[in-house]
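*Asks:*
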Amino acid sequence: MEKGTLVEFRLGSDRRLGVVDRPDGKTRLFVVDERGQSHSLAPRQITYAVTGETYKPSQISGFLEEVKPYLDPSSLEVAWELLVEGGETVTPCEMANLLFSESQAPYCYAAYLLLSDDKIYFKQKGDAYEARSAAQVAERKHQLEIEALKAKGQQEFLARVEQALKGEPVEWQRYDRHRLEAIEKYAALVADIVRVGLNYDSLARAYPPPALVLETMNMLGRPATPQGAFQLLVDLGCWSPYENLFLRRSSIPVQFASKVLEVSQQRLESHPPDRDVNRLDLTHLKVYTIDDESTTEIDDGLSWELLGDGRERLWVHIADPTRWLIPEDELDLDARKRGSTVYLPTGMVPMFPEILATGPMSLVQGKICYALSFGIILDDSGAVEDYTIHPSFIKPTYRLTYEDVDEVLDLGVQAESEIAAIANWARRRKTWRYSQGAISINMPEAMIKVKGDNISIDILQDSTSRQLVAEMMIVAGEVAARYGQKYNIPLPFRGQPQPELPPEQELLQLPAGFVRACAMRRCMPKSEMSITPVRHSGLGLDTYTQATSPIRRYSDLLTHFQLKAHLRGEVLPFSAEQLKQVMMTVSSITQEVTMVERQTNRYWALEYLRRQPDEIWETTVLMWLREDSGLALILLEDLGLQLPMLFKRSVNLGEQMLVKVLHADPLRDVIQFQEIIYQEAQPTANSM
Numbered sequence: 001m002e003k004g005t006l007v008e009f010r011l012g013s014d015r016r017l018g019v020v021d022r023p024d025g026k027t028r029l030f031v032v033d034e035r036g037q038s039h040s041l042a043p044r045q046i047t048y049a050v051t052g053e054t055y056k057p058s059q060i061s062g063f064l065e066e067v068k069p070y071l072d073p074s075s076l077e078v079a080w081e082l083l084v085e086g087g088e089t090v091t092p093c094e095m096a097n098l099l100f101s102e103s104q105a106p107y108c109y110a111a112y113l114l115l116s117d118d119k120i121y122f123k124q125k126g127d128a129y130e131a132r133s134a135a136q137v138a139e140r141k142h143q144l145e146i147e148a149l150k151a152k153g154q155q156e157f158l159a160r161v162e163q164a165l166k167g168e169p170v171e172w173q174r175y176d177r178h179r180l181e182a183i184e185k186y187a188a189l190v191a192d193i194v195r196v197g198l199n200y201d202s203l204a205r206a207y208p209p210p211a212l213v214l215e216t217m218n219m220l221g222r223p224a225t226p227q228g229a230f231q232l233l234v235d236l237g238c239w240s241p242y243e244n245l246f247l248r249r250s251s252i253p254v255q256f257a258s259k260v261l262e263v264s265q266q267r268l269e270s271h272p273p274d275r276d277v278n279r280l281d282l283t284h285l286k287v288y289t290i291d292d293e294s295t296t297e298i299d300d301g302l303s304w305e306l307l308g309d310g311r312e313r314l315w316v317h318i319a320d321p322t323r324w325l326i327p328e329d330e331l332d333l334d335a336r337k338r339g340s341t342v343y344l345p346t347g348m349v350p351m352f353p354e355i356l357a358t359g360p361m362s363l364v365q366g367k368i369c370y371a372l373s374f375g376i377i378l379d380d381s382g383a384v385e386d387y388t389i390h391p392s393f394i395k396p397t398y399r400l401t402y403e404d405v406d407e408v409l410d411l412g413v414q415a416e417s418e419i420a421a422i423a424n425w426a427r428r429r430k431t432w433r434y435s436q437g438a439i440s441i442n443m444p445e446a447m448i449k450v451k452g453d454n455i456s457i458d459i460l461q462d463s464t465s466r467q468l469v470a471e472m473m474i475v476a477g478e479v480a481a482r483y484g485q486k487y488n489i490p491l492p493f494r495g496q497p498q499p500e501l502p503p504e505q506e507l508l509q510l511p512a513g514f515v516r517a518c519a520m521r522r523c524m525p526k527s528e529m530s531i532t533p534v535r536h537s538g539l540g541l542d543t544y545t546q547a548t549s550p551i552r553r554y555s556d557l558l559t560h561f562q563l564k565a566h567l568r569g570e571v572l573p574f575s576a577e578q579l580k581q582v583m584m585t586v587s588s589i590t591q592e593v594t595m596v597e598r599q600t601n602r603y604w605a606l607e608y609l610r611r612q613p614d615e616i617w618e619t620t621v622l623m624w625l626r627e628d629s630g631l632a633l634i635l636l637e638d639l640g641l642q643l644p645m646l647f648k649r650s651v652n653l654g655e656q657m658l659v660k661v662l663h664a665d666p667l668r669d670v671i672q673f674q675e676i677i678y679q680e681a682q683p684t685a686n687s688m
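Everything in the sequence shown is counted per UniProt numbering, starting at 1 for the first residue and increasing by one.
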């Protein structure tokens, strides 16, 4: 190529013009650009050569000014329409003749620029350009429209992100939600740090970001990692810094579908006919509902009745949600999908919509309510002597808290002697169960509540009132199971295999109290469900089912469906095989619910401790987790929390000590304690 030839060349993605100066070796050329800079170029870097005349570097800017007026991309459409039918190819100079009726160098270069930049009408074929077919042009236009819309959407999304980052209110668009939902799903992977024990680096490697997440995070200049996604959502105000990732990672529905809410409203407005036409009227009985103050789903009440023959009858009234639904309807299937109400420190996720669960399904004080009532007569030892089960009407008299009941019992309030009578039978009942082999393991249980930015932890006291309610619920479960066993009704029976406890001599070697209870708890097998009766060793019962929380536990609802159908003389809604399948599904869901509840409680326990780095806690060493490495489980006695601690010295089970939090990271599920050792002041030479 001769000296003075004007050429176009590329430096990376940058397009430049330069003038050939001299050879550089056998194949390369030195080219000088308009700035006077010299470039050594290989032949492949030269993309166009202006032939017919020579130039100086100082003429390049003038040449470009001559070219500029002809760079109208729309002119290519006219040329394409002329050439498409014949499927012809055209060189830049031929295109210059066609477009401008000129073939001088500036016109040819203008035509070349138009053709090389064109993405619609022509495609390069060697040194020439071929007209695309009409179908190809239509498809290219469609793709470019999509890309333009995408680019516009990205710019608008970026503008809304900037707005949100400034703390200004933002109305996210449908396109935005698609991106944000993908980011939310990816950010929720942080919960897997806890689930599978990964650190952040391992997590990022194990879960590379999906394409949309990667694009969005790169667009925003953020790290495309789960924790990066988490922080973005917090910064945007979409998530709280304490977002419950365990719940988000689960399959547990948090919101109710509009159809379910619509059906709930319909049930409220037009009551379905009551299939239990022979309900027993028990509205004359004094009925006590006993719950925590915050409870809104009230599903059990208690009564005491003196019979004409001098015997006493206990009544356990259970809310009757089946009055408002039928098996396999919209409400039933949604409750089945949820498995149970989810109880979290921040609040609950109910199994039924609130307008039903806290309204007509609940046992509301002063209102006539639908119930399934268990009338139970115990013998002097506390064993069930006789029982009856009825769909009923009741009218709850008092809504009491556990503290209220404890106060009534402590003061011996004569006006509420029924409560004392129920408590007396509860004590007998408990004594009888232990005579049947029931096992008691008393460990402190933490109750964590989060309101706004405040966290409170209280120990759930095993008070007389709580024992009273627990015993009445257990006896109702035994009666329901005995009825099912008597009439061969498939029910979700619950059992627990006989544990293999350590020998008594071995237990006696352990410190009494929490350490011994902890050792026994480790030996307790998991409870199991069966469609046929099975012994529950932990409760000391030969047969048992849960029937007392049908608003909050789906397995209890199944018991109600089956019992009530049999009481009406109808075909059971679930055969043995059908019930077994439903129980398997529900059991899997409730296991997930339990895991989410446990993980969420632990998160907030660590967050509570993180906020109190200077607090000193009294602890007891409960058990070894890995004795060879010094990892033990300790009990923070004031909080009822059981957490791991790594010891660098030899300690004994049951040893009590003072500790403070050295480091806590709830999101990573990390807690480290430091033992506090106070040294007694040693007398000095000057102290007497």
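The beta-carbon is built from N, C-alpha and C at its ideal position, and this holds for glycine as well.
Could you check where the beta strand (DSSP E) with Tyr48 kicks off and where it finishes?
*Replies:* It spans Ile46 to Val50 - the beta strand (DSSP E) in which Tyr48 sits, taken as one unbroken run.
*Asks:* Spatial neighbours of Leu460 within its chain, please: C-beta separation below 6 Å, excluding the five flanking residues on both sides.
*Replies:* Excluding residues within five positions, the ones whose Cβ falls inside 6 Å are Glu445 and Met447.
*Asks:* Could you check where the alpha helix (DSSP H) with Asp176 kicks off and where it finishes?
*Replies:* Here the alpha helix (DSSP H) through Asp176 covers Arg174 to Ala187.
*Asks:* Counting C-beta neighbours from all protein chains within 10 Å, is the total for His271 16 or more, i.e. buried, or is it exposed?
*Replies:* So His271 ends up on the exposed side.
*Asks:* Mapping DSSP to helix, strand and coil, what is Pro683?
*Replies:* Since pLDDT at Pro683 reaches only 42, below the 50 mark, its modelled position is unreliable, and no value is offered.
*Asks:* Please go through the same chain and pick out, in chain order, the residues whose beta-carbon is closer than 8 Å to the beta-carbon of Met583, but skip the five residues on each side of it.
*Replies:* Counting only Cβ-Cβ distances below 8 Å, and skipping sequence neighbours, we find Pro492, Met529, Ile531, Ser555 and Leu558.
*Asks:* Are the beta-carbon atoms belonging to Val586 and Gly375 less than 8 Å from one another?
*Replies:* No, they are not a contact pair.
*Asks:* Provide the residue(s) that pair with Cys369 in DSSP beta bridges, ordered along the chain.
*Replies:* Answer is Ile394.
*Asks:* Apart from the five residues on each side of it in sequence, which residues of its chain come closer than 7 Å, Cβ to Cβ, to Thr296?
*Replies:* Correct list, in chain order: Thr358.
*Asks:* Where Ala685 and Tyr678 are concerned, what is the direct C-alpha to C-alpha distance, given to the nearest angstrom?
*Replies:* Its pLDDT being 38, under 50, Ala685 is placed unreliably by the model, and the measurement read from it follows with that caveat. Roughly 21 Å separates the two Cα atoms.
*Asks:* Mapping the DSSP letters down to three states, classify Val586 as helix, strand or coil.
*Replies:* Of the three classes helix, strand and coil, the one that applies to Val586 here is helix, per DSSP.
*Asks:* Which same chain residues end up closer than 8 Å to Ala681 when comparing Cβ atoms and leaving out the 5 residues on each side of it in sequence?
*Replies:* Note on Ala681: pLDDT 42, under 50, position unreliable in the model; no value is reported.
*Asks:* With DSSP as the reference, label Leu40 as helix, strand or coil.
*Replies:* Strictly speaking, residue 40 in this sequence is Ser, with Leu absent from that position. DSSP places Ser40 in strand when its eight states are reduced to three.
*Asks:* Cβ of Cys518 within 8 Å of Cβ of Met623?
*Replies:* Taking 8 Å as the Cβ cut-off, Cys518 and Met623 qualify as a contacting pair.
*Asks:* Give a yes or no on contact between the stretch 602-613 and the stretch 663-677, applying the rule of three or more CB pairs nearer than 8 Å.
*Replies:* They touch, by the three-pair rule.
*Asks:* So, are the CB atoms of Val32 and Asp24 less than 8 Å apart?
*Replies:* No, the pair does not count as a contact, with Cβ atoms beyond the cut-off.
*Asks:* Check whether the Cβ atoms of Val342 and Ile441 sit closer than 8 Å, and answer yes or no.
*Replies:* Their beta carbons are not under 8 Å apart, which means Val342 does not touch Ile441 by this criterion.
*Asks:* Please confirm whether Lys141 and Ile120 have their CB atoms less than 8 Å apart.
*Replies:* Contact: yes.
*Asks:* Can you tell me where the beta strand (DSSP E) with His566 in it begins and where it stops?
*Replies:* Premise fails: His566 lies in the alpha helix (DSSP H), Tyr554 to Arg568, not in any beta strand (DSSP E).
*Asks:* Might you give, ordered along the chain, the residues of its own chain that have their beta carbon closer than 7 Å to the beta carbon of Arg323, omitting 5 neighbours on each side?
*Replies:* Closer than 7 Å at Cβ, skipping near neighbours: Asp274 and Tyr370.
*Asks:* Using beta-carbon positions only, say whether Glu615 and Gln656 come within less than 8 Å of one another.
*Replies:* Their beta carbons are not under 8 Å apart, which means Glu615 does not touch Gln656 by this criterion.
*Asks:* Quick check: the stretch 68-77 against the stretch 42-55, are at least 3 beta-carbon pairs closer than 8 Å?
*Replies:* Flag = no, the stretch 42-55 and the stretch 68-77 do not touch.
*Asks:* Using a Cβ-Cβ cutoff of less than 6 Å, which residues in the same chain neighbour Ile589 once the five nearest sequence positions on both sides are dropped?
*Replies:* These residues qualify, in order along the chain: Gly339.
*Asks:* Can you give the beta carbon distance from Phe574 to Pro490, rounded, assuming they're within the 8 Å contact cut?
*Replies:* Contact flag correct, Cβ pair sits at about 7 Å.
*Asks:* Helix, strand or coil: which one does DSSP assign to Trp324?
*Replies:* In the structure shown, Trp324 sits in a helix (DSSP, three-state: H, G or I).
*Asks:* Taking the CB atoms as reference points, tell me whether Met219 and Pro209 lie closer together than 8 Å.
*Replies:* Not a contact, by the Cβ cut-off of 8 Å.
*Asks:* Any idea what DSSP makes of Phe9, helix, strand or coil?
*Replies:* Strand, per DSSP.
*Asks:* Starting from Lys486, follow the alpha helix (DSSP H) in both directions and report where the run begins and ends.
*Replies:* Thr464 to Lys486 is the extent of the alpha helix (DSSP H) around Lys486.
*Asks:* Taking only the alpha-carbon atoms, compute the straight-line gap between Ser381 and Glu504 and give it to the nearest angstrom.
*Replies:* Cα-Cα distance, rounded: 27 Å.
*Asks:* When you compare the stretch 229-238 with the stretch 180-188, are there three or more beta-carbon pairs, one atom per stretch, that lie closer than 8 Å?
*Replies:* Yes, they touch.
*Asks:* Looking at the unbroken alpha helix (DSSP H) that takes in Trp432, where does it start and where does it end?
*Replies:* Per DSSP, Trp432 belongs to the alpha helix (DSSP H) from Ser417 to Ser435.
*Asks:* Can you check which of these residues, Leu307, Asp309, Ser303 and Arg222, is closest to residue 689 by C-alpha distance?
*Replies:* Summary: the structure shown does not reach residue 689, with the chain confined to residues 1 through 688, and so no result is reported for it.
*Asks:* Alpha carbon to alpha carbon, how far is Arg626 from Val515?
*Replies:* Those two C-alpha atoms are separated by around 16 Å.
*Asks:* Just list the alpha helix (DSSP H) runs in the stretch 205-230, keeping only unbroken ones of 4 residues or longer that don't cross its boundaries, in chain order.
*Replies:* 211-219, all fully within the stretch 205-230.
*Asks:* Can you say whether Val277 is buried or exposed, counting buried as having 16 or more other CB atoms within 10 angstroms of its CB?
*Replies:* Flag for Val277 reads exposed.
*Asks:* Nearest by alpha-carbon distance to Ala632: which of Thr620, Pro613 and Leu639 is it?
*Replies:* Closest option to Ala632, Cα to Cα, is Thr620.
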